[in-house]
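Residue numbers for the sequence shown follow numbering that gives the first Met the number 0, so the first one is 0 and each next one is one higher.
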Amino acid sequence: MTSFMRTTTTFVSGARTLPGEYYCAPEVLAEETETLFRERWLWVARAERVAKPGDYFLYEKFGESIIVLRDKSGTLRAFYNVCRHRGTRMCEAASGHFSGSIQCPYHAWTYSTDGRLIGAPHMQDAEGFDKSDYPLHAAPVQEWEGFIFVSLSDDPVPFADAFAPVLDRLARFNLDRLVTVERREYDVKANWKLILQNYNECLHCPTIHPELSRVLPYQSGANDLHEGEQLGGYMEITQPNQSATSDGLACGVPIGTLDADEQRRAFYYTFFPNMMLSVHPDYVNYYSVWPVDAQRSIVVTEWLQHPDSVGTETWSPKGAIEFWDTVNRQDWHICELSQLGVASRVYRPGPFSPLESIPAAWDRAYLAAMGR
Ligand code: FES
Ligand SMILES: [Fe+2]
0 MTSFMRTTTT
10 FVSGARTLPG
20 EYYCAPEVLA
30 EETETLFRER
40 WLWVARAERV
50 AKPGDYFLYE
60 KFGESIIVLR
70 DKSGTLRAFY
80 NVCRHRGTRM
90 CEAASGHFSG
100 SIQCPYHAWT
110 YSTDGRLIGA
120 PHMQDAEGFD
130 KSDYPLHAAP
140 VQEWEGFIFV
150 SLSDDPVPFA
160 DAFAPVLDRL
170 ARFNLDRLVT
180 VERREYDVKA
190 NWKLILQNYN
200 ECLHCPTIHP
210 ELSRVLPYQS
220 GANDLHEGEQ
230 LGGYMEITQP
240 NQSATSDGLA
250 CGVPIGTLDA
260 DEQRRAFYYT
270 FFPNMMLSVH
280 PDYVNYYSVW
290 PVDAQRSIVV
300 TEWLQHPDSV
310 GTETWSPKGA
320 IEFWDTVNRQ
330 DWHICELSQL
340 GVASRVYRPG
350 PFSPLESIPA
360 AWDRAYLAAM
370 GR
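Following this line, the structure appears as structure tokens:
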């Protein structure tokens, strides 16, 4: 941990943007890594990636490798990819299937899919050795609405407390039933927070998003989560558009049991720290933003649809994928320009407008989470 920020900033209010070091200083990212990314629940994948008992994938971020798997009985689990014998990294493949057990490639210590040590060659001759003393180190893991969250903390805030404002709020969208129809990754030369802050307002939409503005007027809708770690609200889809797609047509069946108003709305939420969830009547797209360094991020995004859409004659996910690919690239570009500007010696925090109340609230949540 560093005390760098505490000694160099007097910023306390969310009414202005953050000082430049928050976007540029490796020391700040190091502190964020300890305080946020290794502490919080982070969204790592859809549950369908471990659909069957024995399926696993590796979640490798912030200096750790975690095996996320479904055990033999169907329970979702996460274990540090660290052998209890001499510490070796056991799994190398990014995803796969354990047929029965997990075996370390070094001296063949073997673990059940629920983490128990079940085989340790020649250790029966070691005095006082008891296999039950050496299970794999478990990591907290949680499934919510078909999304898997993992924490690198030994003792995170209970998931239900951390996500209380949204736990039941999205139930009508049947998010747990949706299937992934596309995945893309973008390399953005901007601090991770600039990407979250960009998502949190549409003041920029008339200037940089002509395609989006035709479908989603930037002053439409309302926010229903104004303060705290989950923020956002909805926008109105303008008639005659059916959805936010490149041709304005729905690209699949409705994802949930939506009333007439909600069939013309799109919901946009950020989940602190690094997740963004967009819910449209006929598809969902979601993002996770991962810092590479203080001034560069990887954005992983997936599109989800109702399983009844997939493969039918009217199924056209391309309309949603192309629409957001275009809009996202416009956003990444402006975030990169923003990064270049905030890195300048002359940059000073600037004032937020009333249409930027959500990024201002996000900054407040961020500063509180960082203990400022
Ligand atoms: S280090 Fe894993 S079995 Fe020896
Ligand atoms: Fe945008």
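From the three backbone atoms N, C-alpha and C, an ideal C-beta is built for every residue, glycine too. Note that this is a predicted model, so its numbers are computed, not measured.
Listed in chain order, the alpha helix (DSSP H) runs fully inside the segment 117 to 195 are 158 to 161, counting runs of at least 4 residues.
Of all alpha-carbon atoms in Gly-220, Thr-16, Ile-236, Pro-25, the one lying nearest the alpha-carbon of Pro-290 is that of Pro-25.
At least one heavy atom of ligand 1 sits closer than 7 Å to the Cβ of Cys-103.
Annotation for Phe-322: no beta strand (DSSP E) segment contains it, though the alpha helix (DSSP H) segment containing it runs 317 to 341. Here DSSP, grouped into helix, strand and coil, assigns Val-27 to helix. Put simply, the segment 185 to 192 touches the segment 333 to 345. At least three CB pairs are less than 8 Å apart. One alpha carbon belongs to His-121, the other to Asp-186, and they sit about 48 Å apart. The count of Cβ pairs closer than 8 Å, one atom from the segment 268 to 284 and one from the segment 296 to 305, reaches three, so the stretches are in contact.
Residue environment: Asp-167 is assigned as exposed (fewer than 16 neighbouring CB atoms within 10 Å of its CB, all protein chains considered). Val-156 sits away from Ala-77, with the two beta carbons spaced by 8 Å or more. Cα atoms of Phe-351 and Gln-218: separation of roughly 16 Å, rounded to the nearest angstrom. For Leu-366, the uninterrupted alpha helix (DSSP H) segment begins and ends at 356 to 368. Here the alpha carbons of Ser-131 and Thr-311 stand approximately 51 Å from one another.
Contact fails between the segment 136 to 150 and the segment 252 to 269, because fewer than three Cβ pairs, one in each stretch, are under 8 Å apart. Of all C-beta pairs linking the segment 52 to 61 to the segment 170 to 181, fewer than three are shorter than 8 Å, placing the two stretches out of contact. For Pro-104, the closest C-alpha among the options Thr-87, Ser-111, Gln-123, Gly-114 is that of Thr-87. When secondary structure is reduced to three states using DSSP, Pro-306 falls in the coil class, being assigned neither helix nor strand. Its Cα nearest to that of Phe-162, the residue Trp-143 stands out among Asp-175, Ile-65, Asp-154, Trp-143. In this structure, ligand 2 has a non-hydrogen atom nearer than 7 Å to the beta-carbon of Asp-330. Counting only residues of its own chain and dropping the five nearest sequence neighbours on each side, Glu-321 has a CB closer than 7 Å to the CB of Ser-245.
According to DSSP, residue pairing for Thr-269 in a beta bridge involves Leu-230, Met-275. The closest CA to that of Glu-91, considering only His-84, Gly-99, Tyr-79, is found on Tyr-79. Note on Arg-69: 16 or more other CB atoms within 10 angstroms of its CB, so buried under the neighbour-count rule. Taken atom to atom, the span from the alpha-carbon of Asn-197 to that of Pro-358 is near 8 Å. Taking 8 Å as the cut-off, the beta carbon of Cys-82 is found no closer than this to the beta carbon of Val-341.
The residue from Thr-74, Gly-53, Val-67 with its alpha-carbon nearest to that of His-96 is Gly-53. Within 10 angstroms of the beta-carbon of Ser-98 lie fewer than 16 other beta-carbons, which makes it exposed.
At the C-beta level, Leu-28 and Asp-292 come within 8 Å of one another. The residues Val-27, in chain order, have a CB closer than 6 Å to that of Tyr-21 in the same chain once the five nearest residues on each side in sequence are set aside. Relative to ligand 1, Ala-125 has its C-beta separated by 7 Å or more from all heavy atoms.
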